[in-house]
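First up is the structure itself, then whatever we jot down about it.
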Amino acid sequence: MQQFNYLIIGAGVAGTTAAETLRGLDAKASIAVVGDEPYDFYSRIALSKENYMLKKLPEEAIWLKKPSFYTEKNIAYFKGRVATSLDSKQKQVALDNGETLGYDKLLLAVGGRPRCWTLPGSDKKGIHYLRKLDDARAIMADFETIKAGLLVGGGFISFELADIMVKRNIKATVMLREPYYWANLLDEESGRLIEDVLKKSGVEILYEEEVVEVLGGEHAESVRTNKGRTIPASFIAVGIGIMDCLAPFKPSGVEVGRGVIADQYLATNIPDVWTAGDCAEYFDVIFGERVQLGNWANAMLQGRSAAQNMFGKKTEFKALSAYTTTGLGMTICFVGDIRVTPEKKVIERGSRASGKYTRIVTFEGRVVGAMQFNMTPELPWISKLITDRRDISSIAAKLADPKEDLRALATAVIPPK
Numbered sequence: 003m004q005q006f007n008y009l010i011i012g013a014g015v016a017g018t019t020a021a022e023t024l025r026g027l028d029a030k031a032s033i034a035v036v037g038d039e040p041y042d043f044y045s046r047i048a049l050s051k052e053n054y055m056l057k058k059l060p061e062e063a064i065w066l067k068k069p070s071f072y073t074e075k076n077i078a079y080f081k082g083r084v085a086t087s088l089d090s091k092q093k094q095v096a097l098d099n100g101e102t103l104g105y106d107k108l109l110l111a112v113g114g115r116p117r118c119w120t121l122p123g124s125d126k127k128g129i130h131y132l133r134k135l136d137d138a139r140a141i142m143a144d145f146e147t148i149k150a151g152l153l154v155g156g157g158f159i160s161f162e163l164a165d166i167m168v169k170r171n172i173k174a175t176v177m178l179r180e181p182y183y184w185a186n187l188l189d190e191e192s193g194r195l196i197e198d199v200l201k202k203s204g205v206e207i208l209y210e211e212e213v214v215e216v217l218g219g220e221h222a223e224s225v226r227t228n229k230g231r232t233i234p235a236s237f238i239a240v241g242i243g244i245m246d247c248l249a250p251f252k253p254s255g256v257e258v259g260r261g262v263i264a265d266q267y268l269a270t271n272i273p274d275v276w277t278a279g280d281c282a283e284y285f286d287v288i289f290g291e292r293v294q295l296g297n298w299a300n301a302m303l304q305g306r307s308a309a310q311n312m313f314g315k316k317t318e319f320k321a322l323s324a325y326t327t328t329g330l331g332m333t334i335c336f337v338g339d340i341r342v343t344p345e346k347k348v349i350e351r352g353s354r355a356s357g358k359y360t361r362i363v364t365f366e367g368r369v370v371g372a373m374q375f376n377m378t379p380e381l382p383w384i385s386k387l388i389t390d391r392r393d394i395s396s397i398a399a400k401l402a403d404p405k406e407d408l409r410a411l412a413t414a415v416i417p418p419k
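All residue numbers for the sequence shown refer to our numbering, where the first residue is 3 and numbers rise by one.
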């Protein structure tokens with residue numbers, strides 16, 4: 003059995019950042035990373051973007067570390083291996099090849115996996131999910147031959163793939179379970195704004211409809227829906243959410259909710275075990291509640307913070323969640339807590355008709371989140387209002403006026419004592 007000072011399960015951005023940070027902090031420690039893909043570190047966020055999907059850049063551009071990275075950093079890399087169990091008492095992790103790795107300190111950074119269909123016919127060829135490099139390659143291969151495709155789900159994946167399909171002159175149809183786009187995040191008017199952009203680009207949208215069966219032989223040919231309709235579909239991309247990859251670790255006693263439960267230091271309930279990235283459900287010191295974030299930037303920051311804490315530098319993880327997507331001439335940003343509940347208020351800055359619009363969510367006189375359409379330059383100042391917990395009651399009217407300088411407003415308000 004090999005023994006390591008630091009063992010990291012997960013070779014994505016959180017795990018790789020943690021390994022690199024630990025090596026910078028401790029030149030002599032033994033460090034190992036276990037990754038379930040047969041590849042070196044690459045940019046997953048590039049996979050759904052036009053530079054990659056439209057081959058504007060060579061595939062080599064997505065690789066973020068040279069093959070020699072692990073050797074040069076003296077980090078053991080178990081490439082293409084999956085952790086199958088954790089013995090937290092013996093401090094051992096078993097791998098799918100029968101090997102066992104011992105550790106002094108452990109980081110769980112296993113990310114997530116696409117929520118997959120289990121309905122009849124869901125094993126047919128032509129059904130795609132987008133999470134890893136092989137997924138993207140398969141989608142791109144189909145794009146070379148198809149003339150139309152069905153996108154299931156109203157989220158980032160469908161929006162970005164619709165953009166790619168439009169640019170490739172492939173007819174895109176988006177099927178929504180909800181009554182409008184991004185209904186779980188946006189008010190109806192904002193959702194309709196996104197739909198207008200999609201429709202003007204030739205994208206068809208089906209509302210309150212779900213696939214109940216995929217029809218065809220070995221390959222998908224059509225789908226049957228809950229409305230009794232049969233819709234031709236030989237290419238189907240499914241984006242209906244993310245599931246955890248935590249089954250191997252639950253018997254160890256590590257506390258799991260939506261993700262691995264952790265405190266503000268990314269430490270779990272098990273001694274010498276930390277977590278980071280998409281799988282981490284940690285205590286957010288900004289909002290005072292447990293959150294789980296599924297984006298690249300936060301995963302990178304969590305990997306760095308977890309490594310610092312594993313090394314002994316007790317550091318709170320404090321970062322504001324932000325998601326950005328671009329497509330069809332529109333840039334959409336979500337920052338902070340954009341859930342609208344009865345006790346929250348909304349300030350509308352700009353107008354939907356102009357195509358430049360921000361929906362600011364407030365709670366007890368303070369900004370807690372925002373959604374922006376084509377207003378990216380103002381994102382840092384919205385973020386500052388959130389993280390500073392500034393009382394904006396006296397300037398609420400000015401926040402609603404796009405002619406007012408948001409930077410000046412964000413820096414002029416006095417923070418609470």
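All C-beta atoms in this analysis are idealised placements derived from N, C-alpha and C, irrespective of residue type, glycine included.
As the structure is a computational prediction, the values presented were derived from the model and not from experiment.
- DSSP places residue 153 in the uninterrupted beta strand (DSSP E) bounded by 150-154.
- Closest in C-alpha terms to residue 237, from the list 410, 172, 56, 246, comes 172.
- Taking a contact as a CB-CB distance under 8 angstroms, the pair residue 389 and residue 288 counts as one, their CB atoms being some 6 angstroms apart.
- The alpha-carbon of residue 112 is positioned some 13 angstroms away from that of residue 252.
- If you look at residue 166, you'll find it isn't in any beta strand (DSSP E); it sits in the alpha helix (DSSP H) that goes 158-169.
- Annotated three-state conformation of residue 27 is helix, per DSSP.
- Listed in chain order, the alpha helix (DSSP H) runs fully inside the region 60-137 are 71-74, counting runs of at least 4 residues.
- Annotated as distal: residue 286 and residue 301, with beta-carbon spacing of 8 angstroms or more.
- Cα atoms of residue 298 and residue 336: separation of roughly 14 angstroms, rounded to the nearest angstrom.
- Here the alpha carbons of residue 123 and residue 155 stand approximately 18 angstroms from one another.
- When only Cα atoms are considered, residue 82 and residue 136 end up about 13 angstroms apart.
- Setting aside the 5 residues that flank it on each side, residue 157 is surrounded in the same chain by 241, each with a C-beta closer than 6 angstroms to its C-beta; the list follows chain order.
- When the beta-carbon positions are compared, residue 6 and residue 32 come within less than 8 angstroms of each other.
- For residue 234, the uninterrupted beta strand (DSSP E) run begins and ends at 232-234, by DSSP.
- Relative to residue 334, the option among 193, 65, 248, 347 whose CA is nearest is 193.
- Residue environment analysis places residue 53 among the exposed positions, since fewer than 16 neighbouring C-beta atoms fall within 10 angstroms of its C-beta.
- Pairing residue 188 with residue 373 gives a Cβ-Cβ distance under 8 angstroms.
- Nearest Cα to residue 312 within the set 392, 248, 91, 270: 270.
- Ranked by how close their Cα comes to the Cα of residue 392, the residues 405, 379, 366, 399 have 366 in first place.
- Contact between residue 275 and residue 108 is confirmed by a C-beta separation of about 5 angstroms, below the 8 angstroms threshold.
- Secondary structure remark: continuous alpha helix (DSSP H) runs of at least 4 residues inside the region 354-413, in chain order: 381-389, 398-401.
- By the CB criterion at 8 angstroms, residue 114 and residue 230 fall outside the cutoff.
- One Cα belongs to residue 144, the other to residue 167, and the distance between them is close to 11 angstroms.
- Straight-line measurement puts the Cα of residue 232 at about 43 angstroms from the Cα of residue 278.
- The residues 369, 412, in chain order, have a CB closer than 6 angstroms to that of residue 387 in the same chain once the five nearest residues on each side in sequence are set aside.
- For residue 335, the secondary structure class from DSSP, reduced to helix, strand or coil, is strand.
- Counting only the Cα atoms, residue 364 lies some 10 angstroms from residue 343.
- The three-state secondary structure of residue 284, taken from DSSP, is strand.
- Around the CB of residue 17, 16 or more other CB atoms lie within 10 Å, so the residue is classed as buried.
- Checking the DSSP bridge columns, you'll see residue 264 partnered with 284.
- Residue environment: residue 4 is assigned as exposed (fewer than 16 neighbouring CB atoms within 10 Å of its CB, all protein chains considered).
- As the crow flies, the alpha-carbon of residue 63 is around 16 angstroms from that of residue 15.
- With a cutoff of 8 angstroms on beta-carbon distance, residue 19 and residue 161 are scored as not near each other.
- Here DSSP, grouped into helix, strand and coil, assigns residue 48 to helix.
- Per DSSP, the continuous beta strand (DSSP E) segment holding residue 6 begins and ends at 4-11.
- In the assembly as shown, residue 130 is a buried residue. Its beta-carbon has 16 or more other beta-carbons within 10 Å.
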